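Peer 1: Structure in structure tokens, see below.
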Amino acid sequence: MSELLRIGSRTLRSRLIVGSGKYDDLELMRQSIEASGADCVTVAVRRERLYNREGKYILDYLDPAKYTLLPNTAGCYTPRDAVRMARMGREILRNLENPGSEWVKLEVLGDSKTLLPDPIGTLQATEELVADGFQVLCYTSDDPVTALRLKRAGAAAVMPAGSPIGSGQGILNANNLRICLEYLKDDDPEYPVIVDAGVGTASDVAEAMELGVDGVLLNTAIAHARDPVAMGRAMRLACEAGWLAARAGRIPKRLYATASSPEEVLITSRPYL
Amino acid sequence: MKIQLNGEPREIPDGATVAELLALLELRPEHVAVEVNEQLAPRARHGEITLNPGDELELVTLVGGG
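These protein sequence lines are chains A and B, in that order. Final position of the first sequence in the working numbering is 273; the numbers increase by one with none missing. Final position of the second sequence in the working numbering is 1066; the numbers increase by one with none missing.
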């Protein structure tokens, strides 16, 4: 498997994709994203306020020549709105000549409290966006059946949630992710599966990568850490560590101990048990 | 004439084009995307798309998001 993360027709150097939301200020966002080593950053599409508190524009802190920008459809509850938002994001990124312009991180939400996806709406929007030439990176739950349906509808990557968005609960159902990986990679081991949402800290990223996913997408865990820049670096290292460990192959878990030092030619007597 | 801009009524000069509206609002066209009545108005056509009374416009930009 390649060191690079291939999604659709493009590759990323980092397997960590980070969001740009929830930062206290844009300079802190810039530094944190840089520390994370990510080369793909999600952005949201929102109404122009026609004025800005500080007159700042996000792309002055997020160089479109340096980062692949991945516009999302966060906040959309219908396929219709998600398709509209995806097209508006594409329009802006095309004008910037950013490589992310054909990509969209599709979210069609079903419930504002859990921010869980609406699987039917997500599938419909995926079909429509694929037909319109988009490469769809699809946020979904960890349900393997839905994941497979989205892949078959043409999603460029399927991105099951580890736990609810922004919850910091980590990977709640590792077994579902294992099944997602098995089903999605069955006929194509390179098919990208990315854990999107729920990460709380670095070990969650390592755990996801060790399960065998191709990448992790997170936002809040860095943006709301006490020290976002340090957490950005921690996430980078965890992603790399998990990736390497997954390739290196962990030892099986055993109930009993196996001594690391020789058990022969000891000077001691035998134990009581 | 009156249009709906991002959900709010707004008075703009009669027969203004999308490009003229963006100039009026002092927005850089490369920072925004425009929808007129839920149809995307591509930047290359901003100069030719003339607005009509009652048109509903969405004017969006990129912000931080996850």
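The C-beta atom is built at its ideal place from N, Cα and C for all residues, glycine as well. Computed from a predicted model, the values in this text were never measured in an experiment.
1. If we count the other Cβ atoms within 10 Å of its Cβ and call it buried at 16 or more, is isoleucine 1003/B buried or exposed?
2. By Cβ distance below 7 Å, which residues in the same chain neighbour leucine 1059/B in space, the five residues on each side in sequence not counted?
3. DSSP has isoleucine 1003/B in a bridge; who is on the other side?
4. Hey, does arginine 53/A have any beta-carbon neighbour from chain B nearer than 8 Å?
5. Using three-state DSSP, classify proline 228/A as helix, strand or coil.
6. Per the contact definition of three or more C-beta pairs closer than 8 Å, is the region 222 to 233 of chain A in contact with the region 182 to 192 of chain A?
7. Just the chain B side, please: which residues come within less than 8 Å of leucine 96/A by C-beta, in chain order?
8. How is tyrosine 183/A classed by DSSP in three states: helix, strand or coil?
9. Just the chain B side, please: which residues come within less than 7 Å of glutamate 275/A by C-beta, in chain order?
10. Between which residues of its own chain and leucine 148/A is the CB-CB distance below 6 Å, once the five residues before and five after are set aside?
11. Contact between the region 1038 to 1054 of chain B and the region 63 to 75 of chain A is defined here as three or more beta-carbon pairs at a separation below 8 Å; is this criterion met?
12. Check valine 205/A in the structure and name its three-state DSSP category.
13. With a threshold of 16 other CB atoms inside 10 Å of the CB of serine 141/A, please say whether the residue is buried or exposed.
14. Taking only the alpha-carbon atoms, compute the straight-line gap between proline 262/A and proline 271/A and give it to the nearest angstrom.
15. Could you give the DSSP three-state label for proline 119/A: helix, strand or coil?
16. Would you kindly work out how many angstroms separate the C-alpha atoms of asparagine 1037/B and arginine 1045/B, rounded to a whole number?
17. One question on the structure: do isoleucine 58/A and glycine 1066/B come within less than 8 Å of each other, judged by their Cβ atoms?
18. Please report how far the alpha carbon of proline 71/A lies from the alpha carbon of alanine 156/A, in whole angstroms.
19. Can you list the residues of chain B that asparagine 175/A reaches, using a CB-CB cut of under 9 Å?
20. Output yes if chain A places a C-beta closer than 8 Å to the C-beta of valine 1060/B; else output no.
21. To the nearest angstrom, report how far apart serine 20/A and isoleucine 33/A are at their CA atoms.
22. Going by beta carbon distance, what residues of the same chain come within less than 6 Å of methionine 1/A, once the five residues before and after it are set aside?
23. Output yes if chain A places a C-beta closer than 8 Å to the C-beta of leucine 1051/B; else output no.
24. Just the C-alpha distance for glycine 37/A and leucine 109/A, rounded to the nearest angstrom, thanks.
25. Where arginine 87/A and leucine 1025/B are concerned, what is the direct C-alpha to C-alpha distance, given to the nearest angstrom?
26. Is there a C-beta anywhere in chain B that falls below 8 Å from the one on lysine 56/A?
27. The beta strand (DSSP E) that contains proline 71/A, what's its start and end?
28. Below 8 Å on the Cβ atoms is my contact criterion, and I expect alanine 206/A with glycine 232/A to pass it. Report the Cβ-Cβ distance as a whole number of Å.
29. For leucine 129/A, verify whether its CB is less than 7 Å away from any heavy atom of the ligand NAD.
Peer 2: Quick answer:
1. buried
2. Leu1005, Asn1006, Val1032 and Val1034
3. Arg1010/B
4. Interpretation of arginine 53/A is limited by its pLDDT of 47, a score under 50 that renders its predicted location unreliable; no figure is taken from the coordinates.
5. Three-state result, proline 228/A: helix.
6. no
7. Glu1030
8. helix
9. The shown model of chain A, from 1 to 273, leaves out residue 275/A, and the question about it has no answer.
10. Tyr183
11. no
12. helix
13. buried
14. 16 Å
15. If DSSP states are grouped into helix, strand and coil, proline 119/A belongs with the helices.
16. 15 Å
17. no
18. 15 Å
19. Ordered by position in chain B, no residue passes the 9 Å Cβ test against asparagine 175/A, which lies about 26 Å from the chain.
20. yes
21. 8 Å
22. For methionine 1/A, the predicted model reports a pLDDT of 45, less than 50, meaning its position is unreliable and no value from the coordinates is stated.
23. no
24. Spanning the alpha carbons of glycine 37/A and leucine 109/A requires a straight line of approximately 29 Å.
25. 22 Å
26. Lysine 56/A does not count as touching chain B.
27. 68 to 71
28. In this structure alanine 206/A does not touch glycine 232/A by the C-beta definition: roughly 15 Å separates them, more than the 8 Å allowed.
29. As for the ligand NAD, it is missing from this structure, which has no ligand bound.
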